Structures are given as C-alpha cells and as structure tokens.
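Structure, as structure tokens:
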Amino acid sequence: MIISVVSAKGGVGKTTVVSNVGTALVKNFGKRVLVVDGNITTPTLGIHLGMLSQEKTLHDVLAGNVNLTQAIYIHPSGLHIIPASLSPTSEYPDPQTLKEKLEEVKNSYDVIFIDGAAGIGREVISAIRASDNVLIVTNPEMTSVLSAIKAIKISRSLGIPILGIVLNRATREKHELKVSDVEELCEAKVIATIPYDKKIPESIRRMTPVVLYDKNAKSVPAFNSLAAQIIGEEFRKEGFLDKLKRLLRLG
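Residue numbering for the sequence shown follows my numbering, starting at 1047 and increasing by one per position.
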C-alpha cells in the first residue's frame, strides 16, 4: 500500500506525521515500511530522521542515474527511507516517474509513505498519482483547512481515494475548528487528532521521531493509534502490569 501524505499548506506537520507513524509501524507492529521524501525542492524528511548526507537520493533515482534500491537507507529504528537531496540546485528532476519507480519495490513493503511537498504543484500531483490512498494533514484552523480542501479536490479529480484527515497540533482552544466542522467542510472523515506537544520540536531538534525520543510524550498515543488504523489493527497501550513484566525481563 502506497500512501501519499499531503496538504496544500506548508508547515502543518506532514513530515512529523510521516516520520512518527512510519516508525511506530516498524517498532510497535513489526511492519516493513518505506518513507520517501517527495518534497524534491525543499526536503526535510531526512532532517527529521537524522539522515543528512546520503550519497544517493530520490533526485538521482528520478534523473535515471541510479536504481531506486540504491537510494534506500535504513534508519536505526528499522525504518527504510529514500531521502531527497538537501543540496541546492537550479535544476530539479521530473517527478512524474515516481509511480513507475515505486512499483519496483511496492511488494517488498507493507506500507510506503510519500511525504508530499507543500502546495499543489507537480511534486504533489506526482506523489498523489503514485499512491493507492491519500492522507490529508491539516491544523484545526480555517486557513489550513481551506488549503486541505484543495488537496482533497485534486486527489479526487485524479481518482485516488482519501484515507482520511489528520488534525495536527490540536489544542482544543475556542478558536479551533471542531472535528465535525472539519469533516463537513472537507467532506472527508477525520481519522486522527494529534495534540499539540512541546516534545515534538525537541525531538526534531534531536533529529529523532518523538515516538522514540520520549514514549511518554503527549502525542505518542495518537501516532500509535493512527499507525494501527492504517493497517487495520488495534493498538493496546502498555499498562502497569505490561511495563512491570517488560522490566522484569530486562532485569
């Protein structure tokens, strides 16, 4: 299953969702997961995962210089990643062959996430076309949701189903839109609400997904729950007895 994670607005937390849900699927569910930085012009996925200077990147794959498998790297968590190049350039490869390239490895993974670029340009359209489903990330405020609607309309016009909406950085303050409001405006279901979590900026600074950086962080249960929903499984939070058993085994 290939899922593109998109929103027409930048800064809503797409990369945070991709890095944490992907890692949760590997660590908590034992899934084979590949994350792809589909943001060719301003990539950040490698930064979130502490992979900054890989020799071969998605740019090389799309340019036809290397095979896709040559640009796959393994994060210490077990998550596989195809980074995009962080080096500035005046020429960027055409992303339209992304779907064809990913088909080569699709059967090797349970889930492939494409971290889409902001906006509704050719990078985003190519990511959506390469997908089986689209996951929309937005913040619970009007300008962000209106941008999300654009991404939803494009996905539907391309015939790619919407897996759902993720409301990121929710604080439950009065000015925020309610889940029901977002669903009505977008005509799509909100499948996860990620609470605002001050540990996330810390984890990004440490270049480590928050699900690894601090398992007790406020947002972690939501990321784990979203990961479970994506693969149709149930995530059971570790209780006191489970934690005690684990500590005894370690001892």
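Glycine included, each C-beta is placed from N, C-alpha and C at the ideal position. Owing to the predicted nature of the structure, the values given are computational and were not obtained by experimental measurement.
Using the Cβ count rule (16 or more neighbours within 10 Å means buried), how would you classify residue 1252?
exposed
Say yes only if the C-beta of residue 1268 is nearer than 7 Å to one or more non-hydrogen atoms of the ligand FMN, and no if none qualify.
As far as ligands go, the structure on display features none, and thus does not contain the ligand FMN.
Start-end ranges of the beta strand (DSSP E) lying completely within the region 1153-1185, minimum 3 residues:
Scanning the region 1153-1185 for uninterrupted beta strand (DSSP E) segments of 3 residues or longer gives 1157-1161, 1179-1184, listed from N- to C-terminal end.
Whole runs of the beta strand (DSSP E) within the region 1119-1148, excluding any shorter than 3 residues
1126-1128
Per DSSP, what are the beta-bridge partners of residue 1114 in this structure?
Looking at the DSSP assignment, residue 1114 forms no beta bridge with any residue, so it has no partner.
Quick one, which of 1079, 1102, 1144, 1109 has its alpha-carbon nearest residue 1125's?
1079
Would you kindly report the start and end of the unbroken alpha helix (DSSP H) that includes residue 1202?
1188-1203
Please go through the same chain and pick out, in chain order, the residues whose beta-carbon is closer than 6 Å to the beta-carbon of residue 1188, but skip the five residues on each side of it.
The beta carbon of residue 1188 is closer than 6 Å to none in its chain, skipping five residues each way along the sequence.
6 Å CB neighbourhood of residue 1131 in its chain, flanking five on each side removed
Within the same chain, residue 1131 has close Cβ partners 1103, 1105.
Under three-state DSSP, which class holds residue 1054?
coil
Please determine, among 1234, 1154, 1099, 1156, the residue with the shortest C-alpha to C-alpha distance to residue 1133.
Checked all of 1234, 1154, 1099, 1156; the closest Cα to residue 1133 is 1099.
Please look up how many angstroms separate the CB atoms of residue 1228 and residue 1211, rounded, as I've assumed it's under 8 Å.
Right, the Cβ-Cβ distance comes to about 6 Å (below 8 Å), so this counts as a contact.
Closest residue to residue 1156 among 1048, 1236, 1123, 1270 (Cα-Cα distance)
1048
Rounding to the nearest angstrom, what Cα-Cα distance links residue 1262 and residue 1067 in this structure?
When rounded, the distance between both Cα atoms is 16 Å.
Where does residue 1061 fall in DSSP's three states?
helix
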